[in-house]
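Worksheet: one structure, shown below.
Protein chains in written order, with the numbering used here: chain F, 1 to 312; chain H, 1001 to 1267.
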């Protein structure tokens, strides 16, 4: 393996992807280190999926450098793809096969021996709590089960890197937590995991390190804690104005905390102490319909960096 | 986007995993297709023998070269039925795995490349065509139309090749589709007319000159010529030309399908 243990698993420099005139990924740099849980956080259309596709070797880059496990995915695609497990955002399971057959068939694509595949498939079914459903067709499975099966399938050849594109979109809270637990276990087992998400809590829960992407660019890099410390204040005061925030006087807003963001019906105020900031807001004549104080999250980092909320 | 040769060519062995995947899927439905493979030639031969054959009687002796009209058209219908099977196998099942079940997206994330997937998919269709052709040949033997082992083997091989000569270019068409609307056009405007004007029911020489030229450019005319010669044990001086045209459609179609599939999936 031309990949000494300390070298990054994935290394991108000025990585760029254009579709005609549209720039999907614009000159981004990042390293993913061995054993790391690495995230791409950003709204839909930020360039996360395109970046994942370039890493997975199914989207040739327009320019820049991209090195995966010491090789170029555009030139050593087959070798690199053999080391990467990919879970797509949309379902790609074969509906005509059973749960277990989906795993068996997939192992063959990696040139694995049938006996080895069978053993590995049973391990994975156990790990992802699908053993009871092994002989069932895929279609009647719940969304969470299908997603777990997709991950199990991506792990059939014991990849060095597991890539997940929006793995919990569309899942109910219980299914999400079950999936998060499974991913944490994998990480403890040494698998390098790369995921994209537009869920703040998911990125905060899972990622050792992440990049925040917006409009084809990386706008921040770090651990969730670092990003919050660096780009957000300790606490956040949210004031709610159902009638709109346009008419609120800027002078009143400016004095409340360290900084503020004016959204359609909310004003978000970054501050050291939320209670004290609320008192100052009332003193300056603001009359919010409701208010709350919370610790800063990645959402606030994103808001601060882009001036937009993630769900807008 | 420039692709290296290795990205455009199939790997020597990996495409076979697609065949084995398709066999896993096929295992669940083969009884059904066994039934239709068995019934279809019987229905065609019985229907034509009892109906059309009796109606035509010896009036077609001038074109049949002495054999009954049923014996004349039966090998042509064998080729025509392979055309239908090849084209339909290359239409919906291919598009489904790109667009609806999306399983090809998952396969391209493994070491397989686009050409491996296309070659594997078309090879599987070839297997299915051979299997179906064997039943048709058995029916021709049973009806006494084919009487020699060479006739049986020759018609099976030529029929399967005819089917692939349609399956490969139709696959190339399917991989460019976003929905199945184009398939109706292919079947109505190409497949159905070809089944009439490829020397099936009457010789191509009866067509006007330009139509003859078009017929000879398409695969079915060559499949019909080969099947008829093998089935009736007649000499066919230009046999290698017929085989070459069919091979050109099969190989050319597979190559075009591989390039277009890659372009569609690897953006």
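From the three backbone atoms N, C-alpha and C, an ideal C-beta is built for every residue, glycine too. Just so it is clear, the structure is predicted and the values come from calculations on it, not from any experiment.
Margin query: At the level of alpha carbons, what is the spacing between residue 1098/H and residue 48/F?
Written below: 22 Å
Next item on the list: Measure from the C-beta of residue 68/F to each C-beta in chain H and report whether the shortest distance is under 9 Å.
Entry: no
Next item on the list: Output the boundary residues of the alpha helix (DSSP H) element that contains residue 1072/H.
Entry: 1069-1095
Check: Which residues of chain F have a Cβ atom closer than 9 Å to the Cβ of residue 1021/H, listed in chain order?
Finding: 94, 97, 105, 106, 108 and 109
Check: residue 1264/H by DSSP, collapsed to three states: which one?
Finding: helix
Margin query: Any contact between the segment 235-248 of chain F and the segment 263-278 of chain F? By contact I mean 3 or more CB pairs, one from each, below 8 Å.
Written below: yes
Item checked: Min CB distance residue 1007/H to chain F below 9 Å -> yes
Margin query: Whole angstroms are fine: how far does the CA of residue 1121/H sit from the CA of residue 1018/H?
Written below: 6 Å
Notebook entry, point to check: What first and last residue would you give for the alpha helix (DSSP H) that runs through residue 185/F?
Noted result: 173-188
Notebook entry, point to check: How about the segment 30-40 of chain F and the segment 195-215 of chain F: do they share at least three Cβ pairs that are nearer than 8 Å?
Noted result: yes
Notebook entry, point to check: Do you know how far the Cα of residue 1021/H is from the Cα of residue 80/F?
Noted result: 22 Å
Notebook entry, point to check: Which of helix, strand or coil does DSSP assign to residue 23/F?
Noted result: strand
Note to self: With a threshold of 9 Å between beta-carbons, can residue 1111/H be considered close to chain F, or not?
What the structure shows: yes
Margin query: Please report the distance separating the alpha-carbon of residue 1025/H from that of residue 1104/H.
Written below: 14 Å
Next item on the list: Please confirm if the segment 121-130 of chain F is in contact with the segment 72-88 of chain F, defined as three or more CB-CB distances below 8 Å between the two stretches.
Entry: no
Note to self: What residue range does the beta strand (DSSP E) around residue 1020/H cover?
What the structure shows: Residue 1020/H -> not in any beta strand (DSSP E); alpha helix (DSSP H) instead, spanning 1015-1026.
Margin query: Determine, for residue 10/F, whether the minimum Cβ-Cβ distance to residues of chain H falls below 9 Å.
Written below: no
Check: Any idea what DSSP makes of residue 220/F, helix, strand or coil?
Finding: strand
Check: Any residues in the segment 133-153 of chain F with a beta carbon nearer than 9 Å to a beta carbon of chain H? Which ones, in chain order?
Finding: 150 and 153
Margin query: Quick check: what's the CA-CA separation for residue 1263/H versus residue 60/F?
Written below: 11 Å
Notebook entry, point to check: Which bits of chain H does residue 101/F rub up against, with CB to CB less than 7 Å?
Noted result: 1024
Check: the segment 1089-1106 of chain H: which residues have C-beta closer than 7 Å to a C-beta of chain F, in chain order?
Finding: 1101, 1102, 1103, 1105 and 1106
Note to self: Is the separation between the beta-carbon of residue 160/F and that of residue 89/F shorter than 9 Å?
What the structure shows: no
Next item on the list: Compare the C-beta of residue 1/F with all C-beta atoms of chain H and state if any pair is closer than 9 Å.
Entry: Because residue 1/F carries a pLDDT of 45, less than 50, the predicted location of this residue cannot be relied on, and no value is offered for it.
Note to self: Distance check for residue 221/F and residue 231/F, CA to CA, integer angstroms please.
What the structure shows: 11 Å
Notebook entry, point to check: Name the residues in the segment 17-46 of chain F whose C-beta lies less than 8 Å from a C-beta of chain H; which are they?
Noted result: 19
Checklist line | Pairwise C-alpha distance: residue 51/F and residue 1141/H | finding: 59 Å
Margin query: Would you say residue 193/F lies against chain H (beta-carbon separation less than 9 Å)?
Written below: no
Next item on the list: Consider the Cβ of residue 90/F: report whether some Cβ of chain H lies at a distance smaller than 9 Å.
Entry: yes
Item checked: Between the CA atoms of residue 1215/H and residue 1204/H - distance to the nearest angstrom -> 8 Å
Item checked: heavy atom of the ligand MN below 8 Å from residue 1194/H C-beta -> In the structure shown, the ligand MN is absent, as is every other ligand, since no ligand is present at all.
Item checked: chain F within 9 Å of residue 1260/H, Cβ atoms only -> no
Checklist line | the segment 1039-1057 of chain H contacting the segment 1153-1160 of chain H, beta-carbon criterion three pairs below 8 Å | finding: no
Checklist line | Residue environment, residue 114/F, which counts as buried when at least 16 other CB atoms sit within 10 Å | finding: exposed
Margin query: Assuming residue 1139/H and residue 1042/H are in contact, meaning their beta carbons sit under 8 Å apart, how far apart are those beta carbons, in whole angstroms?
Written below: 6 Å
Next item on the list: Quick one: which residues of the segment 1220-1249 of chain H get their C-beta closer than 8 Å to a C-beta of chain C? List them in chain order.
Entry: The chain inventory of the structure shown lacks chain C, comprising the protein chains F and H.
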